[in-house]
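Residue numbers (the numbering used here), protein chains in the order written: chain A, 1 to 164; chain B, 1 to 250; chain C, 1 to 58; chain D, 1 to 115; chain E, 1 to 89.
Glycine is no exception: its CB is placed at the ideal position from the N, C-alpha and C atoms.
Written below as structure tokens is the structure these notes are about.
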Amino acid sequence: MNGWTAAGTALLLCGFAPAACGVATGRASRRVPAQNVATTLLSLVFLLLAQGFARPAYVDTALVLSVLGPAGTLLFVRLLADQLADHPPGERRLRALTVGNYVAVAAVVLPLSAAAGPGRAMVKLLIIGVLLALGSWVATRAVHAAAAMGHGRGAPAEGMSGDR
Amino acid sequence: MTMRLRMWVLALGGLGVAVLYVLACLDLPSFGGHRHPYGDRAVRAALARHTANTISSVNFDQRALDTLGEESILFGSVLGTVVLLRQTRDEDRQQPEPARVAPSVRRYALFALPVTLLIGLYIVAHGQLSPGGGFQGGVVVATSLHLLYIAVDYRALERIRPLGLYEVADAAGEAAYVLVGAAALPAGWAFLGNFLPYGTFNTLASGGTVPLLNAAIGVEVAAGVVVLLARFLDQAVEIVSTDEEAEGRA
Amino acid sequence: MVRALTAGGELLGWWAALTLLWIVLIGPVDTLEWVVGAGAGLLAAAAARGARRAVGDR
Amino acid sequence: MSAAPYVVAGWLFLMGCYGLATSRNLIHAVGCLAVCQSSTYVLLLAVGYRSGGTAPVFSDIAPGSRPVVDPIVQALTLTDIVIGATVTALLLSLVIQVAKRHRTVDPDELSELRG
Amino acid sequence: MTGELPVLLGLLLVAAAGTGAVLVRDPVRQSFVLSLLGLSLAALFLLLQAPDVALSQLAVGSALTPLMVLLSVRKVRRKARSERREERE
């Protein structure tokens with residue numbers, strides 16, 4: 001086990017696991033942002049493990065997660081907009097989570113790029129980093145917008161909070 | 001059956017399964033062992049056929065017939081879903097109201113859709129080289145189109161999704177797989193034999209029929225998932241039974 | 001005329017950017033990679049344009 | 001350690017069965033079935049693992065330079081995951097049909113309806 | 001033995017997520033836990049040196065399965081809601 005694998009495992013334990021607890025408990029306003037954090041951190045874990053196993057080919061998993069993770073978050077926002085509007089998440093917590101995501105992405109992607117050295121592999125890593133940052137930005141915007149738009153949105157048929 | 005009785009039956013069955021499972025596990029090779037006779041042979045066969053990704057070689061060359069079976073299950077379940085979720089006589093369509101979405105989210109979707117689509121195509125096309133293949137890439141391609149529903153609007157999705165075309169593509173993917181398999185017959189090979197030249201190791205054209213079968217599966221999975229989700233979206237967003245509709249108007 | 005030009009420009013821009021992205025993603029580059037990448041890029045660019053139009057005129 | 005993956009696979013299977021038997025909502029039951037399915041993935045991949053091995057994908061390493069894990073179980077698992085998703089879709093569409101016909105998705109109420 | 005520690009962690013995550021997915025009875029909440037199970041499984045697969053399988057699980061688990069479950073829930077609930085209103089009338 002080398003330093004990169006250890007870092008990946010540590011991130012899995014200290015980053016992903018708490019985020020997973022957030023996804024599994026509480027209201028939608030807590031689960032949805034936590035889901036975004038979980039996918040972002042897991043993508044970073046994949047990047048670290050790829051470096052630790054010395055297998056650049058494993059980077060593709062992080063690449064796929066960096067585009068599908070935000071899609072998953074947006075999907076929850078779209079279909080649970082009513083619940084988010086009923087109990088909007090705290091503004092400050094949301095911003096803190098986003099900033100935390102940016103910091104984590106930078107803290108993982110930049111050293112990995114430095115280790116990869118200039119070349120297409122480095123550009124690929126940076127693209128994944130940018131996609132992750134963009135995804136976490138848009139997830140926050142979407143949660144925000146869903147909470148702000150409140151109830152009047154969509155036909156009654158669009159709602160799902162019918163029996164609570 | 002009362003809840004109590006059911007729990008007893010469940011506990012008994014669970015216990016039986018657990019005992020048998022433990023007995024079976026005692027005879028399994030220990031975790032992380034070094035004896036993998038089949039795996040080693042599969043790796044050797046894949047290398048002999050110039051396929052860099054052994055897993056793709058197993059799926060689309062060494063056990064291609066098995067994958068044809070799996071593909072048929074996929075085709076069958078898509079077909080079953082289409083039949084089960086069709087619009088019945090006592091149901092009507094209701095135009096869904098446009099959803100209001102933040103402009104920044106919409107812009108992200110418009111940016112992410114082609115990027116996700118390209119990544120999906122990359123995963124399909126490089127299935128015989130790097131991790132990936134038709135199964136994974138197909139799902140990514142299908143998901144990319146649904147970004148339009150997720151982040152924009154159902155009607156926007158409907159505009160770029162000519163459903164008939166995807167139904168045809170689904171069938172065409174399955175047919176292409178069988179045809180590539182049958183093409184081996186005139187060349188004097190068995191069905192689904194790898195009759196094409198193997199090419200240079202670790203280039204896009206390597207692996208003989210593997211990239212072709214991979215692409216066929218990619219088309220089928222992508223089209224199948226799009227058709228599947230279209231039916232679910234229809235049911236959840238558009239189709240209402242007549243009593244529901246009357247209630248909505250009242 | 002102007003509309004056709006902007007449409008073509010949009011498509012061309014997406015196509016160039018996406019083909020470049022393909023070349024970044026892959027390992028060793030050869031001619032076939034360029035051809036397949038350009039094809040995939042064109043498909044994705046067409047999807048990008050189609051999506052923008054589907055969202056635009058409503 | 002050497003038994004942990006097998007224990008987890010068995011645990012997931014039994015948990016999924018428990019959920020299936022006690023579920024009060026057919027959509028939840030379909031989710032429990034997905035848990036059962038995932039136990040088979042864990043079991044298969046655990047059987048094929050080799051400590052110190054790496055994936056048998058030779059796009060970025062030279063063949064023979066490192067020990068590799070078993071590719072066959074991986075091939076089995078990867079197709080099953082996608083097939084499993086479409087089968088889940090089929091089951092969910094059955095649930096939607098049940099909801100339309102019998103106006104409930106609680107299996108207990110459904111068996112009362114039957115007689 | 002330290003080499004296997006990450007695998008052990010992945011196994012624990014999967015076991016926890018699977019247990020949670022069964023014990024959470026509400027389908028909407030379960031869909032969150034199911035997507036979590038998908039992510040944990042993908043992590044475990046990568047740790048078991050199976051990137052192909054991890055990709056497959058990610059593609060299916062991150063968006064496709066939750067979307068289908070949530071759409072089914074929406075359809076079923078809409079149905080149930082209109083029934084209930086009818087009864088009240």
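Residue i versus residue j - alpha carbon distance
i	j	result
A4/C	R49/C	12 Å
W15/C	P114/B	10 Å
A147/A	R53/C	28 Å
P162/B	A15/E	42 Å
L55/E	S130/B	11 Å
L80/A	L134/A	22 Å
F32/E	A24/A	7 Å
P211/B	A205/B	7 Å
A75/D	G193/B	18 Å
G52/D	P67/D	7 Å
G15/A	T19/E	20 Å
L44/D	V73/D	6 Å
Y41/D	L147/B	29 Å
M160/A	V45/A	A caution first: M160/A carries a pLDDT of 43, below 50, which makes its placement in the model too unreliable to give a value.
D163/A	L92/D	Model confidence at D163/A stands at a pLDDT of 37, short of 50, so the residue's coordinates are unreliable and nothing is read from them.
A9/D	K75/E	33 Å
A200/A	Y102/A	Since the first residue of chain A shown is 1 and the last is 164, residue 200/A is not available in this structure.
L12/B	Q37/D	21 Å
W137/A	L11/A	21 Å
A21/E	A50/A	29 Å
G8/A	A184/B	46 Å
L26/D	E220/B	29 Å
A142/A	L110/D	39 Å
L11/C	G41/C	10 Å
Selection from the options that minimises the alpha carbon distance to residue i
i	options	result
S144/B	A80/E, P66/E, A59/E and R74/E	A59/E
G31/D	Q57/E, V76/E and V69/E	V69/E
A17/E	S72/E, L39/E and A80/E	L39/E
R35/B	Y18/D, R50/D, S23/D and A89/D	R50/D
G27/C	D170/B, V140/B and Q128/B	Q128/B
V257/B	N59/B, V141/B, D153/B and V105/B	Past the edges of chain B, shown from 1 to 250, lies residue 257/B, and the structure says nothing about it.
S77/B	V69/D, P71/D, D108/D and L90/D	L90/D
As assigned by DSSP and simplified to three states, the class of residue i
i	result
V29/C	coil
V24/E	coil
A152/B	Note that residue 152/B is Val in the sequence shown here, rather than Ala. Residue state, collapsed to three classes: coil.
T9/A	helix
V101/B	coil
T104/D	coil
W189/B	coil
T40/A	helix
I160/B	coil
M1/C	coil
S31/E	helix
N2/A	coil
A18/B	helix
G16/D	helix
Q235/B	helix
S23/D	coil
A251/B	Only positions 1 to 250 of chain B appear in this structure, which leaves residue 251/B out of reach.
F135/B	helix
N101/A	helix
N214/B	helix
T25/A	coil
Residues sharing a beta bridge with residue i, DSSP
i	result
N53/B	V57/D
S241/B	E91/B
G199/B	None, per the DSSP bridge assignment.
G32/B	R50/D
V68/D	T54/D
Which residues, in order along the segment 58-79 of chain A, keep a beta-carbon less than 8 Å from a beta-carbon of chain E? So the list reads Y58, D60, T61, V64, L65, L68, G69, A71, G72, L75, F76 and L79, given in the order they occur along the chain.
Quick one, which residues of the segment 162-178 of chain B are near chain E if we go by CB-CB under 7 Å, in chain order? Residues passing the 7 Å Cβ filter: none.
Using a Cβ cut-off of 9 Å, which residues of the segment 105-124 of chain B contact any Cβ in chain G, in chain order? The structure shown contains no chain G; the protein chains it does contain are A, B, C, D and E.
Name the residues in the segment 15-40 of chain E whose C-beta lies less than 9 Å from a C-beta of chain B; which are they? Residues passing the 9 Å Cβ filter: none.
May I ask you to list, following chain order, the residues of the segment 77-106 of chain D that have a beta carbon less than 9 Å from some beta carbon of chain A? Result list empty, no residue passes.
What residues from the segment 14-33 of chain B come within 9 Å of chain E, judged by C-beta to C-beta, listed N to C? For chain E, the residues of the segment 14-33 of chain B that bring a beta carbon within less than 9 Å of one of its beta carbons are F31 and G32, in chain order.
Members of the segment 60-78 of chain E that neighbour chain A once the beta carbon cut-off is set at 8 Å: Flagged, chain order: S62, A63, P66, L67, L70, L71, V73, R74, R77 and R78.
Contact list for the segment 75-89 of chain B against chain D, Cβ threshold 7 Å: Residues passing the 7 Å Cβ filter: S77, V78, G80, T81, L84 and L85.
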